[in-house]
Amino acid sequence: ATAAHSSARTALKTVFGFDAFKPGQEAVVDAVLAGRDVLAVMPTGSGKSLCYQLPALMRDGPVVVVSPLIALMRDQVRQMRDYGVAAGSLNSANDADENRRVWGALRDGTLRLVYAAPERLVREDTVAMLRDCRPSLLAIDEAHCVSQWGHDFRPEYLALGQVRAALGGVQTIALTATADAATRADIVARLFEVEPEVFVQGFDRPNLFLAMQPKGSARNQVAAFVAQRTGANGIVYCSSRKKTEELAEYLRGQGHRALAYHAGLEKERRDEVQDTFQAEDGIVVVATVAFGMGIDKPDVRYVAHADLPKSVEAYYQEIGRAGRDGLPADTLTLYGLDDMRLRRVQIEESDASEAQKRVERQRFNALVALCEAPRCRRQTLLAYFGETTEPCGHCDLCLQGVETFDGTIEAQKAMSA
Ligand code: ADP
Ligand code: MG
Ligand code: ZN
């Protein structure tokens, strides 16, 4: 493994031009090179592709990559070719010539990576031909597509467990950015016969200060929080359109440049708010969750929740819009009993199946636990994603904990005196 490890490092530099692994990559690459089945859960942008691209250079047989989107496949094939790595794809957009070339290169052993759409891969003729090419690894990208609880369920993914068996139980790595426990259990149950080695890494955003407060007057609490950060770029999330407008108006009254944003506004107005936020500084956008997708402002210095988010995933995503530049950023989430009651009613009254409701309840309960558990917020949050960490020292409870701890020592001194 050590020899494989050092040649992996060499290839990282010489083929890809990277000086170092990103967090989490090295352990996953090592496990793959050691021949183990792996489930890798890492956030978007963390470099999951490399975890099978690098091993592909160091194996005899080709790596078969399953990817749900033809566009993604094409990008990766092009990128691999730019790196000088022989790669091809099998999908419905190929013409006969391209298919012949790919199969030819697979048979003569020159192709390192073959990307396949799941609907192509589940065909018996494809699997039979691939088996003859003795693939060394099956990489299932966007593996959450196998889960019916997710938003990207792809029925063809359900057959991938059989594909793996038909390929002779080939070593498999599944990759996803969806860290949810229910989804993860689904992935393992559907794709693996034996429990794989699970890696969860890179979800921590150490520059974000995490804080949560019981809700009193949300307006005053948020206004105080914003006032301490006057002139910084921020986002305040509310649960309703009406609240975003009221709170934005209140903040304007306090002298802030506050703009409301929600899906009920004219498209023109929404674009205007988004562009202003993107281009200027010192603006606080008071928004529903409609605000966020496509926002790519690196220097958002705070995110506040005037109302409780829908789930622990939603919370993580929303606070994650702060501090993308890696510099310190603050978060504050208010939670009230009414928020909790409302969300529970929403879940029960939705049209979802009983099984889906159970999952939604779990996801919400995990958020409630995060609000109420008397331990490091980051530890609780990352534990939900499956990551184990020490108390962070950078959340409200860690700061309070330090005081409590000192107090305890004082109390002990007093008692033993
Ligand atoms: P993911 O699939 O996890 O969202 P990608 O595999 O698409 O992430 O990689 C995201 C970006 O990170 C790509 O541009 C990739 O080239 C880059 N990248 C991957 N590994 C490294 C590394 N070790 N050092 C620097 N950049 C890397
Ligand atoms: Mg990816
Ligand atoms: Zn902490």
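The numbering of the sequence shown is UniProt numbering, which starts it at 16 and goes up by one.
Where a beta carbon is used, it is the ideal one built from N, C-alpha and C, also for glycine.
Among the bridge pairs identified by DSSP, A302 is matched with Y252, Y276. For S104, the enclosing beta strand (DSSP E) begins and ends at 102–105. Contact between the region 230–248 and the region 199–219 is absent, with fewer than three C-beta pairs closer than 8 Å.
Here G401 has V56, A194, A196, R199, V213, V215 as same chain residues with Cβ atoms under 8 Å from its own Cβ, once five neighbours each way along the sequence are excluded. In chain order, N248, G249, I250, R336, A337, G338, R339, A344 place their CB closer than 8 Å to the CB of V315, counting only its own chain and leaving out the 5 sequence neighbours on each side.
F306 and S255 have their C-alpha atoms some 12 Å from each other. Environment of the ligand MG, chain-ordered: K63, S64, D156, taking every residue with Cβ within less than 6 Å of a heavy atom. S104 places its beta carbon less than 8 Å from that of Y130. Remark: the shortest separation between the CB of Q216 and any heavy atom of the ligand ADP does not fall under 7 Å.
Around the Cβ of K63, a 10 Å sphere holds 16 or more other Cβ atoms; the residue is buried. Using a C-beta cut-off of 8 Å, the region 68–80 makes contact with the region 148–162, since at least three inter-stretch Cβ pairs fall below that distance.
L121 carries a helical assignment under DSSP once its states are collapsed to helix, strand and coil. T191 is classed as buried because its beta carbon has at least 16 other beta carbons within 10 Å across all chains shown. By the Cβ-count criterion, Q269 is exposed, with fewer than 16 other Cβ atoms from all chains shown falling within 10 Å of its own Cβ. Around the beta carbon of R179, 16 or more other beta carbons lie within 10 angstroms, which makes this residue buried. Taken in chain order, the unbroken stretches of beta strand (DSSP E) that lie wholly in the UniProt domain "Helicase C-terminal" (233–382) and span 3 residues or more are 249–252, 272–276, 298–302, 317–320, 344–350.
For A19 and L48, the gap between their C-alpha atoms comes out near 7 Å.
Distance between Q186 and R96, taken at the CA atoms: about 24 Å. Relative to V161, the option among E134, L182, E139 whose CA is nearest is E134. Around the Cβ of V360, a 10 Å sphere holds fewer than 16 other Cβ atoms; the residue is exposed. By the neighbour-count definition (other C-beta atoms within 10 Å, threshold 16), H166 is an exposed residue.
In its chain, beyond the 5 residues on either side, V251, T259, L262, A263, A273, A275 have a beta carbon closer than 6 Å to the beta carbon of V301. Within 7 Å of the C-beta of L223 there is not a single heavy atom belonging to the ligand ZN.
The alpha-carbon of L72 is positioned some 8 Å away from that of A26. The continuous beta strand (DSSP E) containing P229 extends over residues 227–229. G60 has its CB nearer than 7 Å to a heavy atom of the ligand ADP. DSSP, read as helix, strand or coil, puts L128 in strand. When the Cα atoms are used, K257 and G279 turn out to be separated by approximately 10 Å. For C410, the beta-bridge partners assigned by DSSP are L225. Annotation for A23: the continuous alpha helix (DSSP H) segment containing it runs 17–29. T404 places its beta carbon 8 Å or farther from that of R390. Counting only runs of at least 3 residues, the region 159–215 fully encloses the following beta strand (DSSP E) elements, listed from N- to C-terminal order: 187–191, 212–215. Of the residues L382, A46, R89, the one whose Cα lies closest to the Cα of E328 is L382.
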